[in-house]
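When we follow the working numbering, the leftmost residue of the sequence shown carries the number 661, and every step to the right adds one.
The C-beta atom is built at its ideal place from N, Cα and C for all residues, glycine as well.
First comes the structure, then the notes that go with it.
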Amino acid sequence: MAEVIPFRATRPAPDKVASVVSRSYDQYGSKERKAVMAYNPFSFLHIIDPGFKFHKAVQGEQRFSMVRNRYLEFLEEGVLIREETPSYYLYRTQMEDYSTHGVFCATSTDDYRRDVIRKHEETLSFRETLFADYLQTVKFNAEPVLLTYPDQPELDVLFANIMEEKPEYFFTTTDRVTHQLWVISNPRHISAIRKRFKGVKTLYIADGHHRSASSDLLARRMQKGNMGSIAEGAYGSFMSYLIPESQLRIRSFSRLLSGIGDRHPDEILIGLDRFFRIHEKGTTPFEPSEKHQFSMYISGVFYELKLRKHAYRFSNPLDALDPQILYKTVLEPVFGVTDLRHDSRIHYLCAPMNALKIKKMVDKGVYDIGFAMTPVSVDELKAISDAGLKMPPKSTFIEPKLPSGLTIYDFQNPDL
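Here you go:
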């Protein structure tokens, strides 16, 4: 049973929210980020990149301390405000081709440890430690974990009714995304939401495996440091954004390879024949449309690869996952790729019309060969999580991508 907790968020003052909220730091190129920060003194990027103020890059513990200082400055200047009562935060985002809504809340590290909150990706210990160090110094978390849950009709009705009311925030950012946020502080609504989620047996991490793992690591540190009630309270939870499964959008990453040498396409096709029925598709970009079907582009020609049913056995949900099939039947045996995370020959691409993008990059000589596949489904993600298995790197590109600075979980002011 999932524990979904209201909290007192730190958030932008309503008259400044459109200026404060930013995309995630790594979604900006260097020039764009500097331009935004030069002309917008309220951007959340000033908190994340505190050295900009002094025209100097800062690293490590010095940067973490300066992030804390910038955060406090934003509070002192009224750019950020603190919620008076514990609340949920219903957030709707609308793009040209995609609209979704969900709720910001606090979720329990105990649920994370007990596998009520389930994972499907491996995490790197050095990244867990780095982010835990960061959180311990800055004492706030502005990057929520994206969790998904089975659709709940009662919650859908409640949220639909709340969204008929006037939102606290209603603004559009320069990337043409419209944002709306409702503060849910009504005790009756809070009780109904909390009760409904207690009936949800499992939450699934869609995006944010390192963020959740780091939050759990920090909670363990606080417990070992005899912080007792603090660890169980503020540090015993982390900020999450919960979205129903039906509103989650998953896109696929393509794989591009360089450094395959002077191997002739016919040699590669013969090597693939063991596992695939192969059909030449010509020069027109070919996008796969079903599971276990892949698009391959090499030397100006697209090929359809369809997995031979008798040649590859599915012993668990991971074996049936297309990114894993491509790895086990193509990348490893044919091209000798054994480390999908660190092999410098492999590049991952997620873009509209992947096949067309692959064609352009291979034709330019940037890469030698490219592969595309259909997206992983929510059911596949859940099956792998339920089995305690982990997907290969870059198996999913999951939306929505959440803005930074919209709601902030302050470890010193949660009032859970």
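Nearest candidate by alpha-carbon position, reference residue i, set the options
i	options	result
Ser703	Gly711, Gln719, Glu721 and Val681	Val681
Thr760	Pro1053, Thr862 and Gln907	Gln907
Thr1056	Gln687, Glu743 and Ser912	Ser912
Phe857	Ala894, Trp842 and Glu814	Glu814
His1002	Pro1053, Phe667, Glu927 and Ala678	Pro1053
Thr838	Gln754, Leu929, Ile708 and Gly919	Gln754
Tyr1032	Leu790, Pro983 and Arg848	Correcting the residue identity first, residue 1032 is Ala in this sequence and not Tyr. Answer by Cα proximity: Pro983.
Val1022	Val798, Ile850, Pro945 and Ala894	Pro945
Pro993	Ala1015, Leu932 and His939	Leu932
Gly919	Met823, Ile1029 and Asp999	Ile1029
Leu1000	Met1051, Ala1047, Ile938 and Leu978	Met1051
Distance, residue j Cα to residue i Cα
i	j	result
Arg968	Met956	16 Å
Ala891	Ala879	Legend: pLDDT at Ala891 = 49, less than 50; position of this residue unreliable, value from coordinates given subsequently. Roughly 6 Å between the two C-alpha positions.
Asp793	Gln719	13 Å
Phe800	Met882	15 Å
Glu663	Asn846	19 Å
Phe734	Tyr772	32 Å
Val776	Gly896	15 Å
Pro674	Glu828	7 Å
Thr832	Lys988	44 Å
Tyr901	Pro810	14 Å
Glu947	Pro701	44 Å
Tyr1094	Cys765	Nothing about residue 1094 can be reported from this structure: the residues present for the chain run from 661 to 1076 only.
Gly960	Arg915	17 Å
Phe1071	Ser874	14 Å
Any non-hydrogen atom of the ligand NAD within 7 Å of residue i CB
i	result
Val1036	Of the ligands one can find in the structure shown there are none, so the ligand NAD has no counterpart to examine.
C-beta atoms of residue i and residue j nearer than 8 Å
i	j	result
Ile910	Gly762	no
Met899	Pro746	no
Val1036	Leu981	yes
Leu806	Asp876	no
His870	Thr769	no
Glu950	Thr1034	yes
Gln953	Lys966	yes
Thr670	Arg728	no
For residue i, the three-state DSSP class (helix, strand or coil)
i	result
Pro701	coil
Ile985	helix
Glu964	strand
Tyr1027	coil
Asp1070	strand
Ser1037	coil
Asn846	coil
Thr862	coil
Tyr895	helix
Exposure label - residue i; buried when at least 16 CB within 10 Å
i	result
Leu917	buried
Met726	buried
Gly1065	buried
Pro1063	buried
His715	exposed
Closer than 8 Å to chain B by CB, residue i
i	result
Asp793	In summary, chain B is missing from the structure at hand, where a single protein chain is found.
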